[in-house]
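**Q** Attaching a single structure in structure tokens format; questions to follow.
Numbering (UniProt numbering), first residue to last: 1 to 177.
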């Protein structure tokens with residue numbers, strides 16, 4: 001219905017309210033909770049908070065980098081920078097893998113299993129299909145598994161957070177369209 005908000009947006013709002021009055025290790029713990037929270041897949045509003053940006057200057061800078069990674073990055077980005085980032089919990093790994101599927105889905109209507117297996121560092125088709133099914137049930141993508149051709153056929157995916165520097169390219173693309 002119009003005017004109704006999904007529970008995930010309410011949950012994000014609660015995290016943002018909590019974060020406004022938090023700093024230091026309490027803020028890093030809150031960031032970890034947000035990154036694990038079911039249904040929260042956008043992080044831009046949290047990243048815009050001044051106290052969150054202040055993490056860049058201190059000993060907890062890795063948590064700001066991790067939050068940026070969840071907002072804009074993918075699982076391969078995490079693997080490439082693993083040494084400088086906090087270790088992910090299983091729930092955080094799965095969420096980042098879901099976000100990686102969303103990033104791929106925003107660029108490709110049909111995603112070969114081979115691409116997904118590589119980017120998600122998975123070796124087992126059953127585990128891959130289970131992860132895709134989880135993503136479908138969380139409403140971040142809609143599509144079909146084509147097991148015969150080993151493809152994920154994407155019908156819809158949520159939007160990811162957008163960096164300010166990308167806005168001009170988006171406007172340019174829209175004008176060209």
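Even glycine gets a Cβ: it sits at the ideal position worked out from N, Cα and C. Quick caveat: nothing in here was measured; it's all calculated off a predicted structure.
Helix, strand or coil for residue 131, going by three-state DSSP, please let me know.
**A** Reduced to three states, the DSSP call for residue 131 is helix.
**Q** Go ahead and label residue 156 buried or exposed: buried means 16 or more other beta carbons lie within 10 angstroms of its beta carbon, across all protein chains shown.
**A** Exposed, because fewer than 16 other Cβ atoms sit within 10 Å of the Cβ of residue 156.
**Q** Look at the alpha carbon of residue 102 and the alpha carbon of residue 57, and state the distance between them as a whole number of angstroms.
**A** Spanning the two alpha carbons is a distance of roughly 31 Å.
**Q** Grouping DSSP H, G and I as helix and E and B as strand, with all else coil, what is residue 48?
**A** Coil, per DSSP.
**Q** Below 8 Å between beta carbons: does that hold for residue 153 and residue 143?
**A** Yes, the Cβ-Cβ distance between residue 153 and residue 143 is below 8 Å.
**Q** For residue 15, which residues from the same chain have a beta carbon less than 6 Å from its beta carbon, with the 5 sequence-adjacent residues on both sides left out?
**A** The residues are 34.
**Q** Does DSSP put residue 162 in a helix, in a strand, or in coil?
**A** Note: residue 162 maps to coil in three-state DSSP.
**Q** Please classify residue 75 as buried or exposed, where buried requires at least 16 other C-beta atoms within 10 Å of its C-beta.
**A** Label assigned to residue 75: buried.
**Q** How many angstroms separate the CA atom of residue 89 from the CA atom of residue 159?
**A** Residue 89 and residue 159: Cα-Cα distance of roughly 24 Å.
**Q** Answer with buried or exposed for residue 26, where buried requires no fewer than 16 other C-beta atoms within 10 angstroms of its C-beta.
**A** Looking at its Cβ environment, which holds fewer than 16 other Cβ atoms inside 10 Å, residue 26 is exposed.
**Q** Between the alpha carbons of residue 150 and residue 112, how many angstroms are there, rounded?
**A** When rounded, the distance between both Cα atoms is 6 Å.
**Q** Excluding the 5 residues flanking residue 120 on each side, which residues of the same chain have their C-beta closer than 8 Å to its C-beta?
**A** Excluding residues within five positions, the ones whose Cβ falls inside 8 Å are 75, 97, 100, 101, 128, 131.
**Q** Do you know offhand how far residue 124's Cα is from residue 117's?
**A** Each residue's alpha carbon lies about 8 Å from the other.
**Q** So what's residue 145 in DSSP terms, helix, strand or just coil?
**A** Strand.
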